[in-house]
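Below is one structure; the comments refer to it alone.
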Amino acid sequence: MTDTTQQDRVLIFDTTLRDGEQSPGATMTHAEKIEIAGLLDEMGVDVIEAGFPIASEGDFAAVSEIAKLSKNSVICGLARAQFGDIDRCFEAIKHAAQPRIHTFIGTSPLHRAIPNLTMDEMADRIHETVTHARNLCDNVQWSPMDATRTELDYLYRTVEIAIKAGATTINIPDTVGYTAPRESADLIRKLLENVPGADEIVFATHCHNDLGMATANSLAAVEAGARQIECTINGLGERAGNTALEEVVMAMKVRNDIMPFQTKIDSTKLMNISRRVAAVSGFAVQFNKAIVGKNAFAHESGIHQDGMLKNAETFEIMRPEDVGLTETNIVMGKHSGRAALRSKLENLGYELGDNQLKDVFVRFKELADRKKEIYDDDLIALMRTATDPESDRIVLGSMTVVCGTEGPQKAEMTLSVDGTEAKTSQTGDGPVDASFNCIKALVEHSARLQLYQVHAVTEGTDAQATVSVRLEEDGRIVTGQSADTDTVVASVRAYIHALNRLLVRREKGGTDKREISYKDVG
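Converting from the sequence shown to the numbering used here requires adding 21 to each position, the first position being numbered 1.
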């Protein structure tokens with residue numbers, strides 16, 4: 022049995038940059054991926070699945086750079102059970118101090134039908150591709166996709182083949198979030214008991230959250246003998262998401278009496294990286310999300326407040342400091358200086374150079390003139406757009422909106438498109454619709470609005486509104502965000518942010534070389 026299993030240490034395998042980024046609209050830029058990978062590496066994540074190198078040139082470049090920059094973590098790339106995928110994956114990760122190839126194939130009856138392979142044909146492919154991966158890299162992980170819906174005897178057979186071919190980690194995915202905790206634990210036990218060589222490798226678990234049981238399923242698998250949990254920050258991932266990294270880490274820490282497992286994760290960095298992933302992905306963390314939600318350490322009930330004042334343990338099973346929150350709060354406002362702003366932003370996880378701080382400080386002062394008090398969430402919302410290098414081809418110049426009980430509502434707008442000003446006046450069903458019609462009139466595009474979402478960042482009538490806009494064009498999905506005390510202004514800037522990202526995606530895609538089309542419609 023491996024040293025890792027003997028020590029009862031659970032390896033944390035983070036796939037935020039691969040499975041997490043597959044969430045529609047959660048695509049991250051190259052710089053954002055590098056940043057998140059650095060935070061994961063610093064936090065103590067054992068394995069970072071940096072991407073799917075064969076998927077695109079951009080993904081290959083990001084995985085390659087992450088591999089070169091990583092200091093502590095194993096850097097893993099994903100590959101289908103095809104020689105070309107595996108070769109491309111190794112090219113991306115080979116510069117890492119600790120590289121890993123993760124190859125997979127769907128083994129359930131539904132997934133076997135897709136490539137139209139018989140059980141024997143699939144078994145041969147597993148042997149050939151895992152052997153090929155192991156000839157390139159000593160650290161190979163293999164996954165039977167949709168394992169929880171695969172016939173048990175066939176699962177035993179394929180796992181044994183992968184182990185004999187050289188896989189050092191066998192991951193058992195609950196690909197569609199179908200299983201329950203007892204089943205998850207039983208499956209790991211049966212594999213350990215019935216597969217030759219199972220005690221010489223590490224079993225992993227990868228659980229999706231379709232039925233809301235991903236974290237419970239992962240922890241049950243660990244209790245049964247799995248020693249690697251695949252998870253994502255904030256539970257980001259396909260459909261309903263994955264096991265959340267912050268949940269498994271804190272569950273093992275808080276309930277060490279029944280789960281006496283060790284992990285390298287520095288839990289005090291959880292809140293910081295949660296906020297950064299939410300910012301770059303555009304997927305806001307729900308207020309009542311376990312561990313990292315805004316209300317996770319908030320108490321409104323009088324009984325709860327009284328208990329907290331007397332003894333915090335009456336209603337909190339963990340300390341805010343354990344996840345990176347602090348009771349010390351620098352109150353920010355219009356009288357705050359650059360030093361205070363820099364200190365506050367560093368505490369929130371933002372390291373800014375002098376020139377960047379100067380630009381952000383100007384935005385901060387503008388916001389402070391409109392708000393009595395600036396909260397942490399206000400600053401995070403401010404940083405989402407202030408540090409985005411893509412928001413410069415289409416720039417909002419000025420806008421005026423007329424709304425009220427008498428319609429239709431009207432908007433007038435001036436945009437700068439690649440340095441050329443264009444203006445228009447449009448009507449619509451409400452001020453936001455009228456404003457979006459202005460953008461459509463000035464910047465011709467075929468993108469379809471998939472999502473328009475508004476959140477109040479903080480409380481009060483002077484609260485900032487954070488607006489998320491998701492656009493889709495020819496299969497490309499982009500998300501734009503912006504924050505402002507004026508909801509309509511935030512909406513317009515979010516739409517423009519998404520359009521700018523769409524233009525970048527067009528250029529990188531290589532199949533659409535259209536220039537921005539604009540017109541002055543006066």
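Don't be surprised by glycine CBs; every beta carbon is placed ideally from N, CA and C.
From a predicted model like this one, the values you see are computed outputs, not experimental measurements.
Assigned with DSSP and collapsed to three states, S239 falls in helix. Of the candidates D29, E42 and I33, E42 places its Cα closest to the Cα of T500. The three-state secondary structure of V197, taken from DSSP, is coil.
For S164, the enclosing beta strand (DSSP E) stretches over residues V161 to M166. H153: not part of any beta strand (DSSP E); member of the alpha helix (DSSP H) spanning M140 to L157, first to last residue. Nearest Cα to F382 within the set G370, L403 and L369: L403.
As DSSP reads the structure, E342 sits in no beta bridge. The shortest C-alpha to C-alpha distance from K54 to any of N263, K365, S302 and I279 is the one to S302. Following the DSSP letters along the chain, one finds V68 inside the beta strand (DSSP E) bounded by residues V68 to G72.
In the same chain as D80, and ignoring 5 residues on each side of it, the C-beta atoms closer than 7 Å to its own belong to G72, F73 and P74, in chain order.
Linking E221 to A188 through their CA atoms gives a straight-line distance of about 10 Å. Bridge partners of A455 according to DSSP: none are assigned. Within the same chain, A206 and M280 come within 7 Å of E244 by CB-CB distance, once the 5 residues on both sides are set aside. For secondary structure counted as the beta strand (DSSP E) over 3 or more consecutive residues, the segment 222 to 282 holds these complete runs in sequence order: 223 to 228 and 249 to 252. Annotated three-state conformation of F308 is coil, per DSSP.
Residue pairing from DSSP places S446 in a beta bridge opposite E433.
In the DSSP assignment, I191 is bridged to W163 and F224. Annotated as distal: V488 and P452, with beta-carbon spacing of 9 Å or more.
Distance check between K310 and each of T264, G354, K274 and E142 places T264 closest, using alpha-carbon atoms only.
Looking at the DSSP output, M420 shares a beta bridge with M434.
Look at G370 here: in three-state DSSP terms it is coil, with no helix or strand label. For the pair Q471 and D454, the CB atoms are not nearer than the 9 Å cut-off.
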